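Undergrad:
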Amino acid sequence: MKKIIIALIVLAGVALYSIPNTEPVALFENKKFYLEVAKTPIERQRGLMYRENLCNSCGMLFVFEKEGELGFWMKNTKIPLDIVFIGSDYKIKKIVHAKPCKSETCEIYKGIGKYVLEVNLGEFDEGDIGKTIILKPKYSKV
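Take the sequence shown: its letters are residues 171 to 312, numbered as in our numbering.
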């Protein structure tokens with residue numbers, strides 16, 4: 171009986187971890203994104219590593235204390251992503267279309283920003299650079 175209860179608790183934890191937020195935290199033109207927010211160094215380091223998939227309109231918002239040069243890589247990331255660097259003015263500064271890295275040495279994608287948005291590959295294109303993205307205020311502060 172104890173084993174069954176423990177198994178149910180573990181499964182419930184996994185299910186809760188995979189459920190995205192129920193309100194959009196990023197709005198861009200006619201798109202709404204439901205995001206997990208990575209504010210701590212440990213959350214930012216793990217990011218979307220080891221995920222098998224990412225639901226449509228879901229992603230992760232990385233929030234930093236101040237705008238500056240940032241670097242992201244795709245090591246242990248199994249899904250192709252758009253990496254969107256966003257300034258403190260909420261304007262898109264750079265977009266990287268990144269594929270999973272299967273080697274020990276992975277490219278580091280650099281950009282200037284206070285925020286970085288990771289979503290499924292193909293959600294953004296170079297024509298979006300300079301445009302404004304709306305982040306819910308309660309999610310955009312460290």
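Cβ coordinates follow ideal geometry from the N, Cα and C atoms, glycine included.
Treat the numbers as computed from the prediction; the structure is a model and nothing was measured.
#1: Compare the C-alpha of residue 211 against each of 253, 273 and 232 and name the closest.
#2: Grouping DSSP H, G and I as helix and E and B as strand, with all else coil, what is residue 292?
#3: Return yes when the Cβ of residue 230 is within less than 7 Å of the Cβ of residue 271, no when it is not.
#4: If we ignore side chains and look at the alpha-carbon of each, how far apart do residue 250 and residue 273 end up?
#5: Please report the distance separating the alpha-carbon of residue 185 from that of residue 214.
#6: What number of angstroms, rounded off, separates the C-alpha of residue 202 from the C-alpha of residue 276?
#7: Quick one: is residue 220 buried, meaning 16 or more other Cβ sit within 10 Å of its Cβ, or exposed?
#8: Using three-state DSSP, classify residue 259 as helix, strand or coil.
#9: According to the neighbour-count rule (16 or more other Cβ atoms, all chains shown, within 10 Å of its Cβ), is residue 295 buried or exposed?
#10: Between residue 255 and residue 278, which are expected to be in contact by the criterion C-beta below 8 Å, what is the C-beta distance as a whole number of angstroms?
TA: Per the coordinate set shown:
#1: Closest by alpha carbon: 232.
#2: coil
#3: no
#4: Between residue 250 and residue 273, the C-alpha separation is close to 15 Å.
#5: Bear in mind that a pLDDT of 41 at residue 185, under 50, signals an unreliable position, so the number given afterwards is only what the model happens to contain. If you take the alpha carbons of residue 185 and residue 214, they lie about 21 Å apart.
#6: 30 Å
#7: So residue 220 counts as exposed.
#8: coil
#9: exposed
#10: Rounded to the nearest angstrom, the Cβ distance from residue 255 to residue 278 is 13 Å, too far for a contact under 8 Å.
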